[in-house]
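Q:
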Amino acid sequence: MSVPVSLAGRTALVTGASAGIGEAFARLLASQGANVFLVARREERLRMLANELEQEFGIRAEVCAVDLSRPGAAAEIVAAAERMRLDVDILVNNAGFAASKNFLNSDWAELNAEMQVMMTAVTELMHRFAPAMKERGYGRIINLASLAAFAPTAPSMLYTGIKAFVLNVSEAVDMELKPHGVFVTALCPGFTWSEFHDVQGTRELTDKLPDFMWHDAATVARAGLDAVMAGQPVCVPGVVNKTLAFTSRLLPERMRYMLGRAGRMVE
């Protein structure tokens, strides 16, 4: 059940904020009174969203257009926050994508970018912002993992391994920081209506899935915020997704491998 929360006076940094779950987080946090620091590659979309949130909710909205696949991007974000005199209380590591080809047919640059955005940048942003949160005795960090973090991997897929890393590192950092008032949650949604599947090239496949397996971005964001405010280290939205995650973890490793091998090959 959703619990109303006031975040007036807090500042939230959201990566991948120009669309999908990131945009939903930006809207939700602003509606709760938080100032927002929006990060993504598309500056025009960020500024449009920032202006809309300021007018609708009377909060402060700043933007930083940066490509998180570039080494050094996290440092640029921290520098921008310092220039704007923003003390980040809430960090939402949402930015992500998945390679669209199999492993050997993918350029190394694409694979490296995938890991940079969803592993290195996630970890670095936590490492850079968490010390100040710890010092102030308050912080909330949400890292976008996925239901895939629990699933058997599929041929050529780095995505499941990357999301398993996000799940594990989120739990580890939460264990360290929770005694200091800083909560970390790995948000593990299943299929969510967003641009992700269009970018990945899997829209035709996912459109065949039944409606009950889908959530909208606003529902996912609400579940993630409720979870981190309650100090829950892992959040899997939806009864169906919770059942799938639980069942998958019970499978022997050999069976998980065989199920993954029988899965869809990425052309």
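When the letters of the sequence shown are read in order and numbered with the working numbering, they come out as residues 20 to 286.
All C-beta atoms, glycine included, are put in the ideal place defined by N, C-alpha and C.
(1) DSSP three-state call for residue 160: helix, strand or coil?
(2) Roughly how many whole angstroms lie between the Cα atoms of residue 53 and residue 141?
(3) My assumption, with CB atoms under 8 Å, is that residue 41 sits in contact with residue 34. Please give the rounded CB distance.
(4) Which whole-angstrom value is the C-beta distance of residue 73 and residue 79, which I expect to be below 8 Å?
(5) Around the Cβ of residue 7, are there at least 16 other Cβ atoms within 10 angstroms (buried) or fewer (exposed)?
(6) Can you give the Cα-Cα distance for residue 147 and residue 97, rounded to whole angstroms?
(7) Run through DSSP, which three-state label would residue 32 get?
(8) When you compare each of 235, 209, 197, 63 to residue 252 by their alpha carbons, which one comes out closest?
(9) Around the Cβ of residue 50, are there at least 16 other Cβ atoms within 10 angstroms (buried) or fewer (exposed)?
(10) So the beta strand (DSSP E) residue 110 belongs to, where does it begin and stop?
(11) In chain order, what are the residue ranges of uninterrupted beta strand (DSSP E) at least 3 long that sit wholly in the segment 54-95?
(12) Measure the alpha-carbon distance for residue 38 versus residue 67 and round it to whole angstroms.
(13) With distances taken between CB atoms, is the gap from residue 185 to residue 205 smaller than 9 Å?
(14) Out of curiosity, what's the CA-to-CA distance linking residue 239 and residue 256?
(15) The alpha helix (DSSP H) with residue 188 in it runs from where to where?
(16) On the criterion of 16 or more Cβ atoms from any shown chain inside 10 Å, does residue 224 qualify as buried, or is it exposed?
(17) In the DSSP assignment, find the unbroken beta strand (DSSP E) run with residue 202 in it and report its ends.
(18) Please name the residue, chosen from 112, 75, 103, 261, that lies closest to residue 44 on a Cα-to-Cα basis.
(19) How is the alpha helix (DSSP H) around residue 50 delimited, first residue to last?
(20) State the DSSP-derived secondary structure class of residue 210, mapped to helix, strand or coil.
(21) Give me the residue from 30, 268, 274 with the minimum Cα distance to residue 151.
(22) How close, in whole Å, do the beta carbons of residue 371 and residue 183 come, if the pair is a contact with beta carbons under 8 Å?
A: In brief:
(1) Residue state, collapsed to three classes: strand.
(2) Each residue's Cα considered, the two are about 21 Å apart.
(3) Residue 41 to residue 34, Cβ: 7 Å. Contact.
(4) The pair is a contact, with the Cβ atoms about 7 Å apart (cut-off 8 Å).
(5) Because the chain in this structure spans residues 20 to 286, residue 7 falls outside the shown range and cannot be described.
(6) Approximately 7 Å between the Cα atoms of the pair.
(7) Shown here, residue 32 sits in a strand according to DSSP, grouped into three states.
(8) Nearest option by C-alpha distance: 197.
(9) Answer is exposed; the Cβ neighbour count stays below 16.
(10) For residue 110, the enclosing beta strand (DSSP E) stretches over residues 109-112.
(11) As far as the segment 54-95 is concerned, its whole beta strand (DSSP E) runs of at least 3 residues are 54-59, 80-84.
(12) Roughly 12 Å between the two C-alpha positions.
(13) Result yes, Cβ atoms of residue 185 and residue 205 sit closer than 9 Å.
(14) One Cα belongs to residue 239, the other to residue 256, and the distance between them is close to 6 Å.
(15) Residues 178-196.
(16) Because residue 224 sits at a pLDDT of 47, beneath the cut-off of 50, its placement in the model cannot be relied upon, and the following sentence gives the value as read from the coordinates. Counting Cβ neighbours within 10 Å, residue 224 comes out exposed, since fewer than 16 surround it.
(17) Run containing residue 202: 201-206, per the beta strand (DSSP E) assignment.
(18) The option with the nearest alpha carbon to residue 44 is 112.
(19) For residue 50, the uninterrupted alpha helix (DSSP H) run begins and ends at 39-50, by DSSP.
(20) Residue state for residue 210 is assigned as strand, using DSSP reduced to three classes.
(21) Comparing C-alpha distances from residue 151 to each of 30, 268, 274 shows the shortest one belongs to 30.
(22) Outside the shown range of the chain, which is 20 to 286, sits residue 371, and nothing can be said about it.
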